[in-house]
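Take a look at the structure set out below.
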Amino acid sequence: MKILPLNFYLNKDVIDVGQKLLGKYLFTKIDGVLTGGMITETESYKGIEDKACHAYMGKKTNRNETMFEVGGVAYVYLCYGMHSLLNVVTNQKEVPEAVLIRAIEPIVGLDEMLKRRNKLKVERTLTSGPGSLSKALGITKKINGKSFESKNIWIEDREVEISEKDIICSKRVGIDYAEEYVNKPWRFRIKNSKWTSVAK
DNA sequence: ACGAAGATTGGCT
DNA sequence: GCCAATCTTCGTC
């Protein structure tokens, strides 16, 4: 077990990072409580060229300025007024690329995650979907800008190998405004995992 | 200062 | 399947 090195996040290919994050373990320790699990679904947002990306055309705003930080920090923003969405910022400073974490397989802190989600049973919907997983892990905008080498949030490599044939690529959803970028196959999920959102 | 829209979710038909 | 919830953010007036 080891924490992902900073080098991992400096990768200049955000599509590659999106795939490599599958099988890694994401943890948070919020208010002293440890929760986490294995990443099963991600989406890559390819910076200034990607019409679905908040930083398309290099537009920097109050909300998205974290995307312009050096790789290895968390970009958390509020979506639809109620969901905190977690992204892993990648690449160099001023290159605004990020990977949205969309689902995990819940492993640690199940009781706390159930409590935060108001659920009684551990089932797929506990941590599948970006809004749901943030709620289960206690991720809020307070995490925005934090390093993935901090004591509140980090990612570990537990040497789970996901081979290329076990990665399903599909298009991203909820970005109908993104024109030709709507169809880019930049959503990645682990084949046969029951802990992802429903395949399309 | 105002208003429309959003990288979603869950409940109801 | 459809639609409301909910509020910050950003573009425009």
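Whatever position you read off the first sequence (first residue = 1), add 766 for the working numbering. Here a beta-carbon is modelled for each residue, glycine too, at the ideal position from N, C-alpha and C. Note that the structure is predicted; figures quoted are calculated from it, not measured.
Exposed unless 16 or more other CB atoms sit within 10 angstroms - verdict on residue i
{"i": "Y841", "result": "buried"}
{"i": "E871", "result": "buried"}
{"i": "V780", "result": "buried"}
{"i": "G847", "result": "exposed"}
Cβ shell of residue i (< 6 Å), same chain only, five flanking positions each side left out
{"i": "G824", "result": "I814"}
{"i": "M767", "result": "E922, R924"}
{"i": "G908", "result": "According to the sequence displayed, residue 908 carries Lys and not Gly. None."}
Nonlocal neighbours in the same chain, by C-beta distance under 8 Å from residue i, ignoring five residues either side
{"i": "C935", "result": "P951, W952, R953, F954"}
{"i": "E809", "result": "G784, V865, L866, R868, R938, W952, R953, F954"}
{"i": "F834", "result": "A821, K826, K859, E860, V861, P862"}
{"i": "E830", "result": "Here residue 830 turns out to be Asn, not Glu, going by the sequence shown. So the qualifying residues of the chain are H820, A821, Y841, Y843, P862."}
Sub-8 Å separation of residue i and residue j beta-carbons
{"i": "G837", "j": "N857", "result": "yes"}
{"i": "I873", "j": "G798", "result": "no"}
{"i": "T801", "j": "L788", "result": "no"}
{"i": "I769", "j": "E915", "result": "yes"}
{"i": "S850", "j": "S900", "result": "yes"}
{"i": "D816", "j": "Y947", "result": "yes"}
Inter-residue Cα distance where the pair is residue i and residue j
{"i": "N773", "j": "V855", "result": "12 Å"}
{"i": "S963", "j": "H820", "result": "23 Å"}
{"i": "W961", "j": "V888", "result": "11 Å"}
{"i": "A818", "j": "N958", "result": "27 Å"}
{"i": "G897", "j": "I941", "result": "16 Å"}
{"i": "N828", "j": "G911", "result": "12 Å"}
{"i": "I928", "j": "P771", "result": "19 Å"}
{"i": "S913", "j": "T832", "result": "11 Å"}
{"i": "K812", "j": "V839", "result": "16 Å"}
{"i": "L886", "j": "Y843", "result": "28 Å"}
{"i": "I956", "j": "K786", "result": "11 Å"}
{"i": "L892", "j": "V926", "result": "22 Å"}
{"i": "N949", "j": "G875", "result": "36 Å"}
{"i": "E930", "j": "D782", "result": "11 Å"}
{"i": "R890", "j": "C845", "result": "21 Å"}
{"i": "I933", "j": "E945", "result": "25 Å"}
{"i": "K775", "j": "R883", "result": "A quick correction: the sequence has Tyr, not Lys, at residue 775. About 30 Å."}
Own chain partners of residue i with C-beta closer than 7 Å, once the 5 adjacent residues on each side are dropped
{"i": "K778", "result": "N857"}
heavy atom of the ligand NAP below 7 Å from residue i C-beta
{"i": "G803", "result": "The ligand NAP is not among the ligands present in this structure, which contains no ligands whatsoever."}
Given 8 Å as the limit, is there contact between the stretch 893 to 908 and the stretch 865 to 879, that is, 3 or more CB pairs closer than that? yes
Segment contact, 8 Å Cβ cut-off, at least three pairs: the stretch 916 to 927 with the stretch 783 to 797: yes
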